[in-house]
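First up is the structure itself, then whatever we jot down about it.
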Amino acid sequence: MAALAEQADDLCHIHDHATRVIKHLDIPTDTFSDYEQSGDADFPIKGIVKLFLYKELNAFSQAETARRLRGVASVYTRFNLPRPITQASISHNWRNRLVASENRSEPSGQSLKRSRS
Numbered sequence: 001m002a003a004l005a006e007q008a009d010d011l012c013h014i015h016d017h018a019t020r021v022i023k024h025l026d027i028p029t030d031t032f033s034d035y036e037q038s039g040d041a042d043f044p045i046k047g048i049v050k051l052f053l054y055k056e057l058n059a060f061s062q063a064e065t066a067r068r069l070r071g072v073a074s075v076y077t078r079f080n081l082p083r084p085i086t087q088a089s090i091s092h093n094w095r096n097r098l099v100a101s102e103n104r105s106e107p108s109g110q111s112l113k114r115s116r117s
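Mapped onto the UniProt record's numbering, the consecutive letters of the sequence shown carry residue numbers 1 to 117.
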C-alpha cells in the first residue's frame with residue numbers, strides 16, 4: 001500500500017488532482033489475495049485500495065474520508081464504489097479485509113501528505 005501511495009503522490013505533483021490520478025491507477029489485485037471477494041463484500045478491492053490511497057495522500061482520518069465521500073459523489077464514483085462508504089466500513093475493510101502485510105504501512109498518527117508547493 002505504501003508503494004502505491006508514493007507513486008500516486010508523485011503523480012499528484014504533476015497532475016495536481018488526487019482523485020483523477022487515483023482513478024486511473026492500475027491496481028494489481030493479486031497483491032491483495034486475501035481480500036474477501038464473496039457476495040457479502042460490498043465494495044470491490046480496487047475501489048477500497050483507491051479509497052485508502054485517497055485517504056493517505058490527503059492525510060484524512062477515516063471519519064474525514066467518509067464525510068468527503070458522502071459530500072461529493074464524484075469522489076466515490078471515480079473509485080468505482082457503488083455508494084459512499086461509512087467510517088465503520090472503512091475501519092472494517094482496513095482491519096478485516098486487507099491482510100496484515102498490506103496494511104502495516106498505515107502510519108500511527110501520520111499519513112502520506114501531498115506537499116502543496
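Note that the Cβ used here is the ideal one computed from N, Cα and C, for glycine as well.
Under the three-state DSSP convention, the category residue i falls into
i           : result
Arg20       : helix
Asn80       : coil
Phe52       : helix
Ile27       : coil
Thr65       : helix
Ile90       : helix
residue 118 : The requested residue 118 does not occur in the structure, where the chain is confined to residues 1 to 117.
Glu106      : Bear in mind that a pLDDT of 48 at Glu106, under 50, signals an unreliable position, so the number given afterwards is only what the model happens to contain. In this structure, Glu106 counts as coil in the three-state DSSP scheme.
Ile85       : coil
Nearest-angstrom beta carbon gap, residue j and residue i [assumed within contact, 8 Å]
i     : j     : result
Tyr54 : Ile22 : 6 Å
Leu69 : Gly47 : That belief does not hold up - the Cβ atoms of Leu69 and Gly47 are roughly 11 Å apart, past 8 Å.
Test item: CB-CB of residue i and residue j under 9 Å
i           : j     : result
Pro44       : Ala66 : no
Leu51       : Asn96 : no
residue 177 : Ala3  : Residue 177 falls outside the range modelled here, since the chain spans only 1 to 117, and no answer is possible.
Cβ of residue i within 9 Å of any chain B Cβ
i     : result
Arg78 : Absent from the structure: chain B. Only one protein chain is present.
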